[in-house]
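Chains as they are written, first to last, in the numbering used here: chain U, 1 to 328; chain D, 1 to 262. Where is the CB? At the ideal position from N, CA and C, for every residue including glycine. Predicted model only: the values in this text are computed from it and were never measured. First the structure, in the form of structure tokens, and then the observations on it.
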Amino acid sequence: MEHRSLAQRLIARPEFGPFVLLVVELAGFWAINHDFLSPQNISNTLSFTVELGLIALAMTLLMTSGEFDLSVGSMFGFAPVLMWTLFNSGATSLEVGFVVALVVAALIGLVNGWFVTQLKITSFLVTLGMLLVVRGTALFVTDGFPQRTWSAGTHWLAQVLVGEFFVGTFRVYMSLFWFLAAAVLLGYVLTQTRVGNWILASGGNANAARARGVNVDRTKIALFMLSAMMAAFAGIISSIRTSAANPNSGTGYELEVIAMVVIGGTALTGGRGTVIGTVLGVLILRVMRNGIVLIGVPGLAYNIFIGAIILGMMALHSWLERRHHAGT
Amino acid sequence: MNAMAEPLIRMEHISKSYGRVQALDDVTFTVNQHEIVGLLGDNGAGKSTLIKVLSGAVPLTSGEIFIRGQKVTLRSTTDAIARGIETIYQDSALVTQLSIARNLFLGREPIKPPRFLNRMDQDAMDAVARTLLKKVGITKDIPPSTPIGALSGGERQAVAIARAMHFDSDLIILDEPTNNLGVAETQGVLRFVRGARDSGHSCIFIAHNIHHVFQVVDRIVVMRRGKVVADDIDPKRTTIEHVEEVITGMAEETVDLGAAPP
């Protein structure tokens, strides 16, 4: 096999397509409306982007291991409802409520993982069932009403999770740093560590991994737990930022998150995953949502663009894949 | 030395039935140290089942397995690997998306200190991979970062064999390693197998193509309908035609076929 040139290797990278798309998107929206790159608009776009982004980061690792999780959207709604219900009823302090919500999320992830690995049921069915159970619980516990969250504003936990501060006129939420930290950490885990190698192998060829002594089941269960906890974490951040813990929030997020991950270049079938790609995928979809509104396209048309992007990126990935293999 | 005289692997009176089907019927089979054994037989003769029992993939119904004279129970493939028995099935043993180096060390990745960072020592893995690829006789310059998916069938076999050699497997079982390979690739794989023996490993070589078996093995064992019908054929002292007759049952001798006239 001959050594490829730097440019060729760059193009062969799964992140290359999403990167170009993001640049084109940014340039296009900016050309039509210069306000698109104003500090105010960037700040607004980022605030919600990082919340979905946190879920997408965990989903990247889970999908690389060959599974996915449809229950993240309902977990996004359920975890803050649980935390605020505990706090508002006086049962626990906010800190304890926060920890309880994350532990419950981890347990739900454990159940997802146990069903998938021990009962050998596909993650599609398991997490679809869990989606309904979790969403149903959130609605039942609250009678469908949002929980009060306004008492959080000055609490230290709220400040640490999503406190806002200004860099000049640029407003930044703390959640942006949580997202960046999670991206760096999970990117490191996936590309540099032994565990990352096991995640890739579990998704690529589970039998081969098992034969080498890799505990595929434990790896996948841990990732289901991570995915549920990240969704809970993101939901709690969102509830504090918007001052609302709505049992219905997060509906449909699971599909948007999975779309972000696959657009970024992670394989739906497992074995191949990129955290950098996911960060790009997250930005592509959120920038698209923000941009089409800003240039005057009706917001209802959003899904048309998202669908077209998914189809286009899948075609590109498949073409690159075939080209890559044909060239060797 | 007593330990040297003892065969590496001794399977005694092995039987395996799937429901009413008797896949293995009182099979006794040995592999000596530094020996390549060719295991032959028609489809359904029981070769695959015997190998699956020895690699821990299926439990035996009755019988005993000894490794260097010590009785063992093989509960899983991991169990067998830990005891130095490595089975290489075509394609199934490697993760095509991962690089050569990462496949070689899958499950045993070296860690860079500090250990809590769980960071793989990529340089060490690459260095070992380079040496190993040379050792098994890959002369082309293939970077260790190449994904398995970009390799040819023969090169994949080579990587699997290299891995077994590096982790000191005493016995390397090759199940149809030359299937679907071109002539040059096949010669490459046969060279890897000889190389493995010369560096102290034993091999069981299973192939449909008797010509390939003749080129590489020290001893041929033939199975038919779940039984071993010949276990000491010397490929240097017999002909392919004769072995074919034993496989199909046209030659019924079961003792010392090595002396049969050409």
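Give the DSSP-derived three-state secondary structure of residue i in the structure shown.
{"i": "P18 of chain U", "result": "helix"}
{"i": "V183 of chain D", "result": "helix"}
{"i": "E2 of chain U", "result": "Confidence is the limiting factor: at E2 of chain U the pLDDT is only 47, short of 50, which leaves the residue's position unreliable, though a coordinate-based value still follows. In this structure, E2 of chain U counts as coil in the three-state DSSP scheme."}
{"i": "T49 of chain D", "result": "helix"}
{"i": "F105 of chain D", "result": "coil"}
{"i": "S99 of chain D", "result": "strand"}
{"i": "P147 of chain D", "result": "strand"}
{"i": "L223 of chain D", "result": "According to the sequence shown, residue 223 of chain D is Met rather than Leu. Looking at M223 of chain D - three-state DSSP - the assignment turns out to be strand."}
{"i": "E67 of chain U", "result": "coil"}
{"i": "G63 of chain D", "result": "strand"}
{"i": "I111 of chain D", "result": "strand"}
{"i": "V228 of chain D", "result": "strand"}
{"i": "A251 of chain D", "result": "coil"}
{"i": "L94 of chain D", "result": "coil"}
{"i": "H201 of chain D", "result": "coil"}
{"i": "S38 of chain U", "result": "coil"}
{"i": "A7 of chain U", "result": "helix"}
{"i": "E86 of chain D", "result": "strand"}
{"i": "E321 of chain U", "result": "helix"}
{"i": "Q264 of chain D", "result": "In the structure as shown, chain D begins at 1 and stops at 262. Residue 264 of chain D is therefore absent and cannot be evaluated."}
{"i": "K135 of chain D", "result": "helix"}
{"i": "S89 of chain U", "result": "coil"}
Quick one: Cα of residue i to Cα of residue j, how far?
{"i": "L255 of chain U", "j": "L52 of chain U", "result": "11 Å"}
{"i": "N88 of chain U", "j": "F48 of chain U", "result": "25 Å"}
{"i": "L294 of chain U", "j": "Q159 of chain U", "result": "30 Å"}
{"i": "D35 of chain U", "j": "F305 of chain U", "result": "21 Å"}
{"i": "F214 of chain D", "j": "L106 of chain D", "result": "33 Å"}
{"i": "G204 of chain U", "j": "G273 of chain U", "result": "10 Å"}
{"i": "V189 of chain D", "j": "L50 of chain D", "result": "23 Å"}
{"i": "R191 of chain D", "j": "A158 of chain D", "result": "10 Å"}
{"i": "D69 of chain U", "j": "G109 of chain U", "result": "9 Å"}
{"i": "P261 of chain D", "j": "H242 of chain D", "result": "Low confidence applies to P261 of chain D: its pLDDT is 46, below 50, so where it sits in the model is not reliable enough to give any reading."}
{"i": "P144 of chain D", "j": "S99 of chain D", "result": "7 Å"}
{"i": "G213 of chain U", "j": "E109 of chain D", "result": "11 Å"}
{"i": "D218 of chain D", "j": "E35 of chain D", "result": "6 Å"}
{"i": "E176 of chain D", "j": "I233 of chain D", "result": "20 Å"}
{"i": "T146 of chain D", "j": "G271 of chain U", "result": "15 Å"}
{"i": "L186 of chain U", "j": "Q192 of chain U", "result": "10 Å"}
{"i": "M225 of chain U", "j": "N179 of chain D", "result": "42 Å"}
{"i": "I173 of chain D", "j": "S175 of chain U", "result": "54 Å"}
{"i": "G204 of chain D", "j": "I81 of chain D", "result": "The amino acid at residue 204 of chain D is misidentified as Gly; the sequence shows Ile. Taking the straight line joining both Cα atoms gives about 15 Å."}
Buried or exposed: which applies to residue i, given that a residue is buried once 16 or more other Cβ atoms fall within 10 Å of its Cβ?
{"i": "T331 of chain U", "result": "With chain U represented from 1 up to 328, any question about residue 331 of chain U goes unanswered, as that position is not in the structure."}
{"i": "S55 of chain D", "result": "buried"}
{"i": "K120 of chain U", "result": "exposed"}
{"i": "A208 of chain U", "result": "buried"}
{"i": "G17 of chain U", "result": "buried"}
{"i": "G249 of chain D", "result": "exposed"}
{"i": "I14 of chain D", "result": "buried"}
{"i": "T131 of chain D", "result": "exposed"}
{"i": "W198 of chain U", "result": "buried"}
{"i": "V216 of chain D", "result": "buried"}
{"i": "K52 of chain D", "result": "buried"}
{"i": "A3 of chain D", "result": "Summary for A3 of chain D: the model assigns pLDDT 47, below 50, so the residue's position carries little reliability; its value from the coordinates is reported in the next sentence. With fewer than 16 Cβ atoms within 10 Å of its Cβ, A3 of chain D is classed as exposed."}
{"i": "W178 of chain U", "result": "buried"}
Relative to the C-alpha of residue i, which candidate in the options has its C-alpha closest?
{"i": "N32 of chain D", "options": "D:A124, D:L8, D:T131", "result": "D:L8"}
{"i": "T96 of chain D", "options": "D:I148, D:F66, D:A80", "result": "D:I148"}
{"i": "G28 of chain U", "options": "U:F124, U:L316, U:G144, U:V287", "result": "U:V287"}
{"i": "M165 of chain D", "options": "D:G153, D:G137, D:V183, D:D26", "result": "D:G137"}
{"i": "T278 of chain U", "options": "U:T242, U:N290, U:V257", "result": "U:V257"}
{"i": "L21 of chain U", "options": "U:L283, U:N290, U:S239", "result": "U:L283"}
{"i": "A231 of chain U", "options": "U:N290, U:V104, U:L157, U:G97", "result": "U:V104"}
{"i": "T30 of chain D", "options": "D:G153, D:E12, D:K47, D:L40", "result": "D:E12"}
{"i": "A315 of chain U", "options": "U:A301, U:I263, U:I276, U:P298", "result": "U:I263"}
{"i": "L320 of chain U", "options": "U:A7, U:R13, U:S5, U:L6", "result": "U:R13"}
{"i": "V27 of chain D", "options": "D:F66, D:G84, D:V228, D:K140", "result": "D:V228"}
{"i": "R356 of chain U", "options": "U:S318, U:L180, U:L46", "result": "There is simply no residue 356 of chain U to check, as chain U begins at 1 and stops at 328 in what is shown."}
{"i": "L223 of chain U", "options": "U:G252, U:Y253, U:S93, U:V116", "result": "U:V116"}
{"i": "H212 of chain D", "options": "D:A230, D:E245, D:V221, D:T186", "result": "D:T186"}
{"i": "R119 of chain D", "options": "U:G312, U:G196, U:E25", "result": "U:G196"}
{"i": "R275 of chain D", "options": "D:T61, D:E245, D:G195", "result": "Any property of residue 275 of chain D remains undetermined from this structure, which presents chain D solely from 1 to 262."}
{"i": "I292 of chain U", "options": "U:R194, U:N41, U:M75", "result": "U:N41"}
Can you tell me the Cβ-Cβ gap for residue i and residue j, rounded? I've got them flagged as a contact below 8 Å.
{"i": "S227 of chain U", "j": "S238 of chain U", "result": "S227 of chain U to S238 of chain U, Cβ: 17 Å. No contact."}
{"i": "A245 of chain U", "j": "P80 of chain U", "result": "4 Å"}
{"i": "V222 of chain D", "j": "G41 of chain D", "result": "6 Å"}
{"i": "E15 of chain U", "j": "I276 of chain U", "result": "5 Å"}
{"i": "L131 of chain U", "j": "S71 of chain U", "result": "4 Å"}
{"i": "M125 of chain D", "j": "A101 of chain D", "result": "4 Å"}
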